[in-house]
Each structure stands twice: as C-alpha cells, then as structure tokens.
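Engineer: Before I ask anything, here is the structure I am working with.
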Amino acid sequence: MSFKVPANLRGATLANTEDRPDVKGWDGAISSITSALNGSYGESWLFICGPVGSGKTRLAAIFAQQAHASGLGWVMRWEPVQDIIEKLRPSDNLRKWRNKLVEADPLIIDDLGSEYASEWGRAEIERLISKRYDSRLMTVITSNLPFERIPEKYGERVADRLREISTVIELIGPSYRGRS
Ligand SMILES: Nc1ncnc2c1ncn2[C@@H]1O[C@H](COP(=O)(O)OP(=O)(O)OP(=O)(O)O)[C@@H](O)[C@H]1O
Ligand SMILES: [Mg+2]
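Whatever position you read off the sequence shown (first residue = 1), add 13 for the working numbering.
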C-alpha cells in the first residue's frame, strides 16, 4: 500500500467498527462513507469533524482502505496536515511535493487545524484546497474544528469552497479511547 494510514487503523473496515449510538452523527457518517464508496465517489468531499476520539480518523481510514481495494481514484495519498506543512518548507522539492498533493486522487488530510498557525501555512492550505476544488478531485478532511470555525482559521475563500463541495459529517460524543 503506497499511502500511510496510521498503523493502528490498518485493516479498519465497516465490519470491524462498532456502532456508536452514543455519538450523534455516527449513523449519518456511516451512510455518507458508504455512499462515497458506492457510486457517488468524488461527487462530494467528506469533511469529518468532532471531538477527540470520536472516530474521525478511523472513518477516514475505512474510506481510504476500501477505496483503494475497490480501485477508486488514481493515486491515493494520506497525509496528516502537520506532514503537509512540514514538507512544504522551501526546498528544491517544493514544487514536486505541491504537485503530489494537488494531483492525488483521493487525498486524505488528517487533522486539519492541528498544524501550527502561521500565515504562510494558511496560505498553502488555501492554495491546496482551491486547486483541488478547481479540479474536483476527491478529498477527505478530518478536523477537530467544527465547520463554523473554518472561516476564522482559513478565511472565507476556503470556507466557501468547502461549504459547496463537501458533505459535512459532524460527530458529537465521547472518546472511544480508553473504553473497557
Ligand atoms: N466505532 C469504533 N469502533 C472501534 N474502534 C473505534 C471506533 N471509533 C474509534 N475507535 C478507535 O478509537 C481510537 C480513536 O479513534 P480515532 O483515531 O478515529 O479518533 P479521532 O476522532 O480521529 O481522534 P483525534 O481527534 O484525537 O484525532 C482509535 O484507536 C480507533 O480505532
Ligand atoms: Mg484523528
């Protein structure tokens, strides 16, 4: 597998994922992911937000691995946002790295909003989202930020594009971590 799903989520599938009746939005999340994998792939991006441990990264990993197994998209990339920013530091490889991010299909951006806030980083995220929006390439974003906070963090240009192109999955509930 050429994309790097976190090790603890390798092999996560809908079948081995527990129902979360205690998490508001969970059932809707499962339907949105199922439909993105069955027929409507690429019609709408997925923006998965919610508190720590609610299952955002797991849902993205299910999507990524199932999409890969079904041969959807051309070149899948999975990137924690901090790695995106880290690798965008000016270097000879900058343009190559930007292109990889812009052209990936699908691109999974894990933990948007957890990166160090700098004007330069914000501008890079804006550029990436806007290029991918223009080319309508499937993108899955997980974030601890509720969607309403996107404008203040990334600006209205990003928020407006995301609002139009995404299915917003908002999870509300306790962390799965540490359950007995
Ligand atoms: N419904 C579930 N069934 C089984 N395991 C789950 C479920 N939801 C979450 N987990 C497990 O709980 C842990 C936390 O889930 P996950 O990493 O998806 O949370 P998160 O919402 O991305 O949290 P964070 O905001 O901290 O990144 C992971 O080990 C994940 O596999
Ligand atoms: Mg996560």
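Here a beta-carbon is modelled for each residue, glycine too, at the ideal position from N, C-alpha and C.
With a threshold of 16 other CB atoms inside 10 Å of the CB of residue 133, please say whether the residue is buried or exposed.
Structural biologist: Residue 133 comes out exposed.
Engineer: By Cβ distance below 8 angstroms, which residues in the same chain neighbour residue 36 in space, the five residues on each side in sequence not counted?
Structural biologist: Cβ within range, chain order: 63, 67, 68, 184, 185, 186 and 187.
Engineer: Looking at C-alpha atoms only, which residue of 126, 57 and 150 is the closest neighbour of residue 97?
Structural biologist: The option with the nearest alpha carbon to residue 97 is 126.
Engineer: Can you give me the C-alpha to C-alpha distance between residue 159 and residue 140, rounded to a whole angstrom?
Structural biologist: Cα to Cα, residue 159 sits roughly 21 angstroms from residue 140.
Engineer: Under 6 angstroms: does the beta carbon of residue 181 sit that close to some heavy atom of ligand 1?
Structural biologist: Checking every heavy atom of ligand 1 against the Cβ of residue 181, none is found closer than 6 angstroms.
Engineer: Enumerate in chain order the residues of its own chain whose CB-to-CB distance from residue 114 is below 6 angstroms, with the five nearest sequence positions on each side excluded.
Structural biologist: Excluding sequence neighbours, residue 114 sits near 141.
Engineer: Can you round the beta-carbon distance between residue 26 and residue 75 to whole angstroms, since I take them to be within the 8 angstroms contact cut?
Structural biologist: That belief holds up - the Cβ atoms of residue 26 and residue 75 are roughly 6 angstroms apart, short of 8 angstroms.
Engineer: Quick one: what's got a C-beta closer than 7 angstroms to residue 128's C-beta in the same chain, skipping five residues either side?
Structural biologist: Taken in chain order, the residues that qualify are 94, 95, 98 and 134.
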